[in-house]
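Numbering (the numbering used here), first residue to last: 3 to 381.
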Ligand SMILES: Cc1cc2nc3c(=O)[nH]c(=O)nc-3n(C[C@H](O)[C@H](O)[C@H](O)COP(=O)(O)O)c2cc1C
């Protein structure tokens, strides 16, 4: 009990420092510039075991109720870092010390891809979201794979793959070949894969949400799908019919599960409260929360709870994460909540999850997965 109180006090202090001192300074500068500086700090902290240990003392939180096994992988907690924060796999040593239960590296494109022109990242402070128009900037799968090869990580590492964002890869065969290039380069690296078919910021749009094209893509990735747990990252703006089309094909190819969801393009969903919003780019944070929750619920329902779901989009608190878990997510992941609330939010969410599980009489996080949907089904 004393350790509990000490941990909660520590989180409250770090939260205060972030909110009232660090964040006001960081938010004065261009978001991509700050992201690059933070990556530099993270790389430095990850390099030395003493700094990693110190970081885990400031941010870490462990509890047996959060230990879970999903798709054959073991997780010390269900809260991961979503794709896009560590595109190049430079933070894999420090992310577990910050408290993440898993991390998704990338998206990494098969061939190098410069992405869109800067500026390409904006904060929407009133809406508590970001506008992301990176357009899959990546040094390419050969380069990232060389960096990660042989590295052991303290938590499961998912690698998100995509095709390079360049007109040369807009032709279907070239696009598929680039995904395959990434799959081959990452053979034997990390514990899981994510096929990103839902980047909203690329020249060729999202061709692989079309079932026939997706079928050919997954056919070309059969070897990867059969050797490592493989997830599909779903868009936030699909109709129910489009989602059903994707799932039917994906199930035929034995996809392990789905990440619900990527960014939303919709600026008219009632969650954008800032006056000036860039025209291009996908929206994250609170703006995508409802769409991703609706997608998650639908996918849980149509897969009968048999696929593994990872809930992403607008997680700022334990209650946000728990809602996704009760709706059917075995794991959750975030980026924007950490940027707005501070890195201690991972520990705060995990601590809050334990409290919420106890309130509901569960003894482990796995018991809460899909609880709301099961309850509705029984009515
Ligand atoms: C800066 C940034 C870059 C992103 N890049 C990627 C990416 O490369 N691949 C991907 O699948 N999702 C990417 N995303 C989407 C996130 O993984 C996530 O699905 C989305 O931001 C919703 O989660 P959040 O509200 O917790 O940020 C990116 C998001 C942000 C904020």
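Note that CB positions come from ideal geometry on N, CA and C, so glycine has one too.
- The straight-line gap separating the alpha-carbon atoms of residue 4 and residue 11 is approximately 11 Å.
- Not a single heavy atom of ligand 1 lies less than 7 Å from the C-beta of residue 94.
- Scanning its chain for C-beta atoms nearer than 8 Å, with the 5 sequence neighbours on each side dropped, one finds around residue 301 the residues 236, 245, 249, 260, 262, 309, 311, 330, in chain order.
- Within the same chain, Cβ atoms closer than 6 Å to the Cβ of residue 88 are found at 107, the five residues on either side in sequence being excluded.
- Proximity to residue 194 across 314, 370, 75 peaks at 75, based on C-alpha coordinates.
- With contacts defined by Cβ atoms closer than 8 Å, residue 283 and residue 116 do not form a contacting pair.
- In the DSSP assignment, residue 233 is bridged to 196, 259.
- Comparing alpha carbon positions, the residue from 227, 190, 149, 328 closest to residue 94 is 149.
- Per the DSSP secondary-structure output, residue 72 pairs in a beta bridge with 75.
- Residue 160 holds the alpha-carbon nearest to the alpha-carbon of residue 196 among 156, 66, 278, 160.
- The alpha-carbon of residue 91 is positioned some 33 Å away from that of residue 271.
- Judged by the Cβ position, residue 115 fails to qualify as a neighbour of ligand 1 at the 7 Å threshold, every heavy atom of the ligand being at least this far.
- Not one heavy atom of ligand 1 is found less than 7 Å from the C-beta of residue 348.
- The closest CA to that of residue 26, considering only 326, 350, 344, is found on 344.
- Within the model, the alpha-carbon separation for residue 184 versus residue 335 is close to 23 Å.
- In the DSSP annotation of this structure, the continuous segment of the alpha helix (DSSP H) that includes residue 218 starts and ends at 213-222.
- No residue range can be given for residue 317, since it is assigned to no beta strand (DSSP E) and is classified by DSSP as neither H nor E.
- With contact defined as three or more Cβ pairs closer than 8 Å, the stretch 321-329 and the stretch 348-359 are in contact.
- Scanning 375, 359, 342, 372 for the CA closest to the CA of residue 18 turns up 342.
- Within the model, the alpha-carbon separation for residue 54 versus residue 102 is close to 13 Å.
- Straight through space, the alpha carbons of residue 348 and residue 51 are spaced by roughly 21 Å.
- Within the chosen limit of 7 Å, ligand 1 reaches the beta carbon of residue 235 through at least one heavy atom.
- Closer than 7 Å to some heavy atom of ligand 1: that does not describe the Cβ of residue 51.
- Fully contained in the stretch 89-149 are the following alpha helix (DSSP H) runs of length 4 or more, in chain order: 97-100.
- CA-to-CA, the gap between residue 279 and residue 287 works out to about 14 Å.
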